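Taking my numbering, the leading residue of the sequence shown gets 773, the next gets one more, and so forth. All residues carry an ideal CB built from backbone N, CA and C; glycine is no exception. Model, not experiment: these values are computed from the prediction. Let me begin by presenting the structure, written as structure tokens, before commenting on it.
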Amino acid sequence: MKKFLIFTALILVGGMAFVVPYASADAAKGEALFNDKGKSKCLACHAIGKKVVGPDLAGVSKRHTQPWLVKWITDAQGTWASADSETTELKARVHKEKAPKPAHAPPPLTAEQAGDLADFLMTK
Ligand code: HEC
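In structure tokens, the structure reads:
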């Protein structure tokens, strides 16, 4: 029994050691991508701390969930067409309830890149 408990504790500690740096590495990769004007184009329309073409992204983690951000970054049109509460709130806030298309237009990004960007935005 004692051996079993030690074994279980080792697995738990080992698992946490893996999960924690991995999560922060994603946000760091997302930050680098967000700031890469050539690759992500986010900075063409956004800043954190002021409105540019798109909304100010300060406090974005309070308005959105990580899965919504991934969807929005990889499939803006599909997200725009869905009636989920986060999209409805965004449309009302930018006064585009009737617009058929979003103006948010990132270049095609992989699911992994979108995940990194979303992890970064969840720190804002
Ligand atoms: C061509 C300009 C443009 C580009 C490029 C762009 N966006 Fe946007 N974004 C917008 C606009 C405008 C909105 C507001 C909704 C709309 O009108 O489409 C928006 C909305 C958002 C929102 C929701 C903000 C909120 O307050 O709810 C997030 C998050 C976001 N963009 C992230 C990004 C990221 C990350 C990138 C880069 C991968 C990016 N955007 C690239 C224009 C842009």
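Pull up the distance between the alpha-carbon of A853 and that of S833, whole angstroms please. Residue numbering aside, residue 853 sits at position 81 when the sequence shown is read from its first letter. Residue numbering aside, residue 833 sits at position 61 when the sequence shown is read from its first letter. Straight-line Cα distance between these residues: approximately 22 Å.
Taking the straight line between their C-alpha atoms, what separation do you get for Q885 and K873? Position 113 of the sequence shown, counting from 1, holds the residue named residue 885. Position 101 of the sequence shown, counting from 1, holds the residue named residue 873. If you take the alpha carbons of Q885 and K873, they lie about 23 Å apart.
Go through its chain and collect everything with a Cβ distance to A816's Cβ below 6 Å, but skip five positions before and after it. By 1-based counting over the sequence shown, the position of residue 816 is 44. No residues qualify anywhere along the chain.
Three-pair Cβ contact test at 8 Å for the region 823 to 841 versus the region 876 to 896: yes
Here's the rule I'm using: 16 or more other beta-carbon atoms within 10 Å means buried, otherwise exposed. How should P878 be labelled? Here residue 878 corresponds to residue number 106 of the sequence shown, with the count starting at 1. Looking at its Cβ environment, which holds 16 or more other Cβ atoms inside 10 Å, P878 is buried.
What are the start and end residues of each continuous alpha helix (DSSP H) run of 4 or more residues lying completely inside the region 843 to 874, in chain order? 848 to 853, 857 to 865
Residue from A883, K809, G826 with nearest C-alpha to L862: Here the question's residue 862 lines up with position 90 in the sequence shown. It is G826 whose Cα lies nearest to the Cα of L862.
Expressed to the nearest angstrom, what Euclidean distance is found between the alpha-carbon atoms of H876 and A800? Against the sequence shown, residue 876 aligns to sequence position 104. Against the sequence shown, residue 800 aligns to sequence position 28. So the two alpha carbons sit approximately 23 Å from each other.
Just to confirm, is the Cβ distance from S805 to I845 under 8 Å? For this step, residue 805 is matched to residue 33 along the sequence shown. For this step, residue 845 is matched to residue 73 along the sequence shown. Note that residue 805 is Leu in the sequence shown here, rather than Ser. Taking 8 Å as the Cβ cut-off, L805 and I845 do not qualify as a contacting pair.
In the DSSP assignment, find the alpha helix (DSSP H) that holds G887 and state where it starts and stops. Reading the sequence shown from its first residue, position 115 is the one you call residue 887. Counting along the chain, the alpha helix (DSSP H) containing G887 begins and ends at 883 to 893.
Pick out whichever of A819, L829, D828, V842 has its Cα sitting closest to the Cα of L881. By 1-based counting over the sequence shown, the position of residue 881 is 109. L881 has its Cα closest to that of V842, out of A819, L829, D828, V842.
Looking at T851: is its Cβ nearer than 8 Å to the Cβ of T860? Position 79 of the sequence shown holds residue 851. Position 88 of the sequence shown holds residue 860. Going by C-beta atoms, T851 is not nearer than 8 Å to T860.
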